[in-house]
């Protein structure tokens with residue numbers, strides 16, 4: 003299919019390090035889409051404090067995305083800006099995991115999604131700090147401090163809602179059960195992942211898996227919630243095959259570029 | 373690469389001290405510790421700044437304000453945003469901490485104490501209004517990325533706490 007944004011992309015090119023570029027986008031797209039989801043709650047949070055917290059997390063994630071995309075523009079070297087990379091892509095070109103695009107069904111889903119991602123994100127960034135790529139390790143050094151706060155915030159809420167009223171417990175359990183199917187994909191390797199791990203740049207996500215489920219289970223148990231036993235998992239986001247939700251997210255995210263092509267902030 | 377040293381040309385110091393954080397106007401960017409180097413090369417000033425938080429929207433404004441302040445003093449300048457080493461609240465100077473307190477924002481504690489505070493285990497953040505330690509955490513996230521919300525249970529004053537970042 004023809005890229006409708008093609009005319010906006012300034013010139014054609016051959017990329018020198020496509021694996022690194024794709025690797026950076028794989029990391030950044032998770033933060034971009036999750037940041038957009040959390041940003042949706044601006045003015046709609048269940049209380050003023052949680053509204054501010056969700057948008058603060060969104061702001062941190064967008065800030066991180068900027069660092070990644072600024073680096074990606076240097077790797078691409080084709081004149082595209084960080085905004086071009088964020089806005090001028092088709093659905094299939096976004097490489098985020100399915101988990102982060104799941105909707106804000108209710109506050110339990112919002113926090114459940116955040117928690118299931120934060121625990122992974124923090125472990126991932128701790129490893130990325132050791133990357134031989136100095137830009138990526140510098141970004142990870144910066145992000146790890148922010149994401150520690152996110153993980154603390156979301157874990158606290160899982161415990162509060164899980165070990166709360168009958169209703170909050172039921173809703174929290176339902177959200178975790180539903181979102182569970184999207185956790186396994188976090189540990190799938192793409193071709194870019196494998197190439198970057200081999201070069202000492204990337205993180206071997208398969209090695210994070212056991213510890214991830216251990217940590218998740220600990221918090222869930224403390225929250226008096228059940229650890230879902232289901233072994234049926236969804237995948238595809240990392241290959242650009244998304245759930246129906248991403249299209250709606252992009253419709254909003256890309257609205258200004260579609261309505262006013264090439265506009266700049 | 374782990375150097376936390378600042379490299380500031382003394383001739384530029386008084387100019388840079390006039391630039392403040394747009395969101396906390398009492399705090400100069402020098403006291404905040406975000407300027408990592410400022411040197412004069414062939415008549416042009418090169419400044420390196422580092423963000424407090426990745427998404428801090430103040431960074432763009434700070435960059436523009438530095439450029440303007442230097443221009444007014446007769447220097448052309450180039451501003452670079454660097455990420456490494458990552459900013460920490462340890463780089464806020466004692467003068468900066470005092471300016472925060474006077475402005476009504478509780479200054480960051482050390483990392484261990486910060487954890488206790490943000491998990492609501494200990495009451496050690498002093499109310500910026502009455503000095504009482506009978507304060508409680510309202511939310512881990514505040515009006516800007518760098519702050520948490522507190523309230524004093526004695527005088528009831530709500531106030532910001534500048535989170536410790538290490």
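Chains as they are written, first to last, in the numbering used here: chain A, 3 to 267; chain B, 373 to 538. The beta-carbon is built from N, C-alpha and C at its ideal position, and this holds for glycine as well.
Coarse secondary structure for residue i, derived from DSSP in three states
i	result
residue 235 of chain A	coil
residue 491 of chain B	coil
residue 496 of chain B	coil
residue 43 of chain A	coil
residue 419 of chain B	strand
residue 243 of chain A	coil
residue 99 of chain A	coil
residue 186 of chain A	helix
residue 330 of chain A	Since the first and last residues shown for chain A are 3 and 267, residue 330 of chain A lies out of range.
residue 450 of chain B	strand
residue 13 of chain A	Here residue 13 of chain A scores only 47 on pLDDT, less than 50, and its place in the model is too uncertain to base an answer on.
residue 502 of chain B	coil
residue 216 of chain A	helix
residue 402 of chain B	helix
residue 82 of chain A	coil
residue 159 of chain A	helix
residue 134 of chain A	coil
residue 459 of chain B	coil
residue 201 of chain A	coil
residue 428 of chain B	coil
Chain A contact for residue i (CB, 8 Å cutoff)
i	result
residue 406 of chain B	no
residue 502 of chain B	no
residue 514 of chain B	yes
residue 521 of chain B	yes
residue 427 of chain B	yes
residue 375 of chain B	Caution applies to residue 375 of chain B, whose pLDDT of 49 falls short of 50 and renders its modelled position unreliable; the model cannot decide the point.
residue 410 of chain B	no
residue 455 of chain B	yes
residue 458 of chain B	yes
Test: residue i CB closer than 8 Å to a CB of chain B
i	result
residue 141 of chain A	yes
residue 44 of chain A	no
residue 66 of chain A	yes
residue 151 of chain A	yes
residue 69 of chain A	yes
residue 51 of chain A	yes
residue 132 of chain A	no
residue 120 of chain A	no
residue 76 of chain A	no
residue 117 of chain A	no
residue 255 of chain A	no
residue 128 of chain A	no
residue 144 of chain A	yes
residue 258 of chain A	no
residue 266 of chain A	no
Residues that DSSP places opposite residue i in a beta bridge
i	result
residue 533 of chain B	B:478, B:520
residue 59 of chain A	Residue 59 of chain A pairs with nothing; no bridge assigned.
residue 32 of chain A	For residue 32 of chain A, which the question treats as bridged, DSSP gives no partner whatsoever.
residue 379 of chain B	B:409
residue 396 of chain B	B:393
residue 508 of chain B	B:523
Residues that residue i contacts on chain B, provided the C-beta gap is smaller than 8 Å
i	result
residue 55 of chain A	511, 512, 513
residue 163 of chain A	Result: empty, since nearest Cβ-Cβ is about 16 Å, beyond 8 Å.
residue 180 of chain A	Here the premise fails: no neighbours, minimum Cβ distance about 26 Å.
residue 154 of chain A	490, 491, 512
Where residue i meets chain A, residues with beta-carbon distance less than 9 Å
i	result
residue 485 of chain B	None at all; the shortest Cβ gap to chain A is about 15 Å.
Within chain B, partners of residue i - CB distance below 9 Å
i	result
residue 148 of chain A	425, 426, 427, 517, 537
Contacts of residue i in chain B (Cβ-Cβ under 7 Å)
i	result
residue 58 of chain A	513, 517
residue 61 of chain A	427, 517
Interface partners of residue i on chain A, CB under 8 Å
i	result
residue 481 of chain B	Within 8 Å Cβ-Cβ: nothing; residue 481 of chain B doesn't reach chain A, min ~15 Å.
- [ ] Evaluate the contact criterion for the segment 129 to 140 of chain A versus the segment 201 to 209 of chain A: three or more CB pairs, one atom per stretch, below 8 Å.
- [x] Touching, yes.
Open item on the list: Whether or not the segment 167 to 185 of chain A and the segment 232 to 248 of chain A are in contact is what I'm after, with contact meaning three or more pairs of Cβ atoms, one per stretch, closer than 8 Å; do they touch?
Closed with: yes
Open item on the list: Using a Cβ distance threshold of 8 Å, determine whether the segment 17 to 29 of chain A contacts the segment 481 to 494 of chain B, with at least three qualifying pairs required.
Closed with: With the rule of 3 Cβ pairs closer than 8 Å, the segment 17 to 29 of chain A does not count as touching the segment 481 to 494 of chain B.
Task: the segment 91 to 103 of chain A / the segment 159 to 170 of chain A touching (three or more Cβ pairs under 8 Å) - done: no
Task: the segment 487 to 507 of chain B in contact with the segment 519 to 529 of chain B per 3-pair CB rule at 8 Å - done: yes
Task: Any 3 or more C-beta pairs closer than 8 Å across the segment 76 to 94 of chain A and the segment 249 to 259 of chain A - done: yes
Open item on the list: Measuring CB atoms only, is the segment 505 to 518 of chain B touching the segment 50 to 62 of chain A, in the sense that at least three cross pairs come out at less than 8 Å?
Closed with: yes
Open item on the list: With three or more C-beta pairs closer than 8 Å as the rule, is the segment 434 to 447 of chain B touching the segment 396 to 416 of chain B?
Closed with: yes
Task: Cβ contact check for the segment 471 to 480 of chain B and the segment 395 to 409 of chain B: 3 or more pairs under 8 Å - done: yes
Open item on the list: Closer than 8 Å is the cut-off here; do at least three beta carbon pairs connect the segment 243 to 253 of chain A with the segment 107 to 114 of chain A?
Closed with: no
Task: Stretch-stretch touch, CB-based, cutoff 8 Å, three pairs: the segment 139 to 150 of chain A with the segment 119 to 127 of chain A - done: yes
Task: Touching by the beta-carbon criterion (3+ pairs, under 8 Å), the segment 378 to 396 of chain B and the segment 450 to 461 of chain B - done: Too few Cβ pairs lie closer than 8 Å, so no.
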